[in-house]
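Under this note's numbering, residue 198 is the last one in the sequence shown; the count climbs by one each step, no gaps.
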Amino acid sequence: MKNIAFSSLKILLISLFAATSAFNTLSAEENTIRLGYSDAEAFPFQIRDDKNPPGIAFEIISEAAKLTGVKIKYVRLPNRRVQLSLREGDLIDGAFMFSYSEERNVNGFYPSMQGKPDGNRRIATLSYYIYRKKGSSINWDGKKFSGFDTSDPKIKIGANSGYSVVGDLIKMLTRILWLIIIFHPEALLILKNFPNRLFRRITF
């Protein structure tokens, strides 16, 4: 951890409940909604545990299910598989703990108000953090990056597959050097896996 310098990327994302039209077609006999969630931990909202999924998000949804007389079946899948299954409607009826993006809004439906995501119905507000190699000239001031070596033709970024922040960064930047993007709660677990070989893989 001593070899990693980090700064907070102040991109706060609203994790809203996304649901397919299958919610409207459930019969009274079935009375069960299959909800998909990512296998990546998002402490304290979503904690890894296959047998008994814990976390604030699960507690909120389970309580809502009790009040409405609905049963919930939680389905844990890889991040991208959740989105694919949501679009196809085969394995799950809905998903949660996914920040809003136009692409994801096509796969399901986010609670909206006047055509925009309704933040009052969000499950959580999450943050992303940037990790850079110690001694790097890269900086983040809360709005923009600076300090790139523009002479380097191989500027790359490492990111968790399927995270919406990747699309946000692509819109924001055209060249990134020596940066690793990690979803914050998970970062504490991943830091120990940040040897020099990882940076060599990302920045070769």
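Note that CB positions come from ideal geometry on N, CA and C, so glycine has one too.
- Counting of Cβ neighbours within 10 angstroms places MET91 among the buried residues, the total reaching 16 or more.
- Assignment of beta-bridge partners to THR26 by DSSP yields LYS65.
- Assignment of beta strand (DSSP E) within the segment 84 to 151, counting only whole runs of 3 or more residues, yields 88 to 93, 116 to 127 in chain order.
- Proximity of the segment 66 to 77 to the segment 133 to 144 falls short of the contact definition, fewer than three beta-carbon pairs being nearer than 8 Å.
- Residue range 73 to 82 is occupied by the alpha helix (DSSP H) that includes SER79.
- In the DSSP assignment, ARG70 forms a beta bridge with TYR31.
- Within the DSSP secondary-structure output, ALA59 pairs in no beta bridge.
- VAL64 sits away from TYR122, with the two beta carbons spaced by 8 Å or more.
- With 16 or more other CB atoms across the displayed protein chains lying within 10 angstroms of its CB, ALA36 is buried.
- At a Cβ-Cβ threshold of 8 Å, TYR104 and VAL76 do not count as neighbours.
- Under a 10 Å Cβ-count criterion, ASP84 is classified as exposed, with fewer than 16 other Cβ atoms of the shown protein chains found around its own Cβ.
- If you look at ILE164, you'll find it in the alpha helix (DSSP H) that goes 159 to 166.
- The beta carbon of ASN25 sits closer than 8 Å to the beta carbons of GLY63, VAL64, LYS65 from its chain, once the five residues preceding and following it are set aside; these are given in chain order.
- Note: ALA36 is bridge-paired with GLN40 in the DSSP secondary-structure output.
- The residue among LYS127, TYR157, SER79, GLY49 with its C-alpha nearest the C-alpha of GLY102 is SER79.
- For the 8 Å CB-CB criterion, LEU29 and ILE54 do not form a contact.
- Linking TYR125 to ALA58 through their CA atoms gives a straight-line distance of about 37 Å.
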